[in-house]
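In this note's numbering, the protein residues as written are 2 to 188.
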Amino acid sequence: MKIYTRTGDDGGTALFGGERVKKHHARVRSYGAVDEANAAVGLAHVSPDLPALLKSALLGVMSDLFDVGAELATPATAGKKLEARLQSRVDDARVKELEDAIDDAVARCPPLSTFVLPTGGEAAARLHLARTVVRRAEREVVALAEDVELRAVVVVYLNRLSDLLFAWARFAAHANGHGDIPWQGKK
2 MKIYTRTGDD GGTALFGGER VKKHHARVRS YGAVDEANAA VGLAHVSPDL PALLKSALLG
62 VMSDLFDVGA ELATPATAGK KLEARLQSRV DDARVKELED AIDDAVARCP PLSTFVLPTG
122 GEAAARLHLA RTVVRRAERE VVALAEDVEL RAVVVVYLNR LSDLLFAWAR FAAHANGHGD
182 IPWQGKK
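Right under this line is the structure:
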């Protein structure tokens, strides 16, 4: 199987269902941003100092993000393909799982008393990077939702995921002995 198809050489791409759109289309920007977020989560997953507790959890998040990307790449006009994409595990129950994971990570860290810098060891820094990429993906999906109907839970999931990545970054920083690195305001 060849990786290249040459079908995108004209600046277009196909959505699930076959519809062709330009690569700068809001739908393509949305699932592209989710793909970038997934790659950033993958980078965090291979951090040598990633706490073991987070290894399988990050794999689950990457699978979630594939589901979200597939859903975003499938317009409502794709009928049966859309129905299949909506069998995603990204639903209210999954959002609740993320909230429970946030509560668990927060409980493992000292109370937050100031803004913290996006550092604290390699795993923490990579988790912070993933958090910011997820936030950008969320902004793209929110923009898309102004023009097309999307399940509201997709935006909620991305919002909660960025919160979780922040909590996991703090957890990793503390687990690796770095702790929070506080923001220093102007004196």
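All C-beta atoms in this analysis are idealised placements derived from N, C-alpha and C, irrespective of residue type, glycine included. All of these numbers come straight from a predicted model, not from anything done at the bench.
What is the DSSP secondary structure of residue i, reduced to helix, strand or coil?
i: V149; result: coil
i: V91; result: coil
i: V47; result: coil
Short of 7 Å in beta carbon distance, which residues of its chain neighbour residue i, apart from the five on each side in sequence? Order them along the chain.
i: D92; result: V154
i: A53; result: none
i: V107; result: A168
i: R90; result: D65, D68
Spatial neighbours of residue i within its chain, please: C-beta separation below 8 Å, excluding the five flanking residues on both sides.
i: E139; result: V156, L159, N160, S163
i: E37; result: V134, R137, A138
In angstroms with no decimal places, state the Cα-to-Cα distance between residue i and residue j.
i: G61; j: E123; result: 21 Å
i: L151; j: G70; result: 12 Å
i: E147; j: A41; result: 26 Å
i: N39; j: H129; result: 13 Å
i: D105; j: A58; result: 13 Å
i: E141; j: V96; result: 19 Å
i: A168; j: I103; result: 6 Å
i: A77; j: V149; result: 9 Å
i: D50; j: L99; result: 22 Å
Take residue i as the anchor and find which of the options has the nearest alpha-carbon.
i: M63; options: L166, G180, A174; result: L166
i: L44; options: R30, V134, R28; result: V134
i: R132; options: R171, R90, P111, A144; result: R171
i: L118; options: S31, K188, G180, A27; result: G180
i: G186; options: Y32, V143, T115; result: T115
i: P111; options: G33, A176, K3; result: A176
Using a Cβ-Cβ cutoff of less than 6 Å, which residues in the same chain neighbour residue i once the five nearest sequence positions on both sides are dropped?
i: T120; result: A126, I182
i: F67; result: none
My understanding is that residue i touches residue j, with C-beta atoms under 8 Å, so please give their C-beta distance in whole angstroms.
i: V35; j: L73; result: 6 Å
i: A174; j: L55; result: Not confirmed; about 12 Å, so no contact.
i: L113; j: A27; result: Actually they do not touch by this definition, with Cβ atoms about 35 Å apart.
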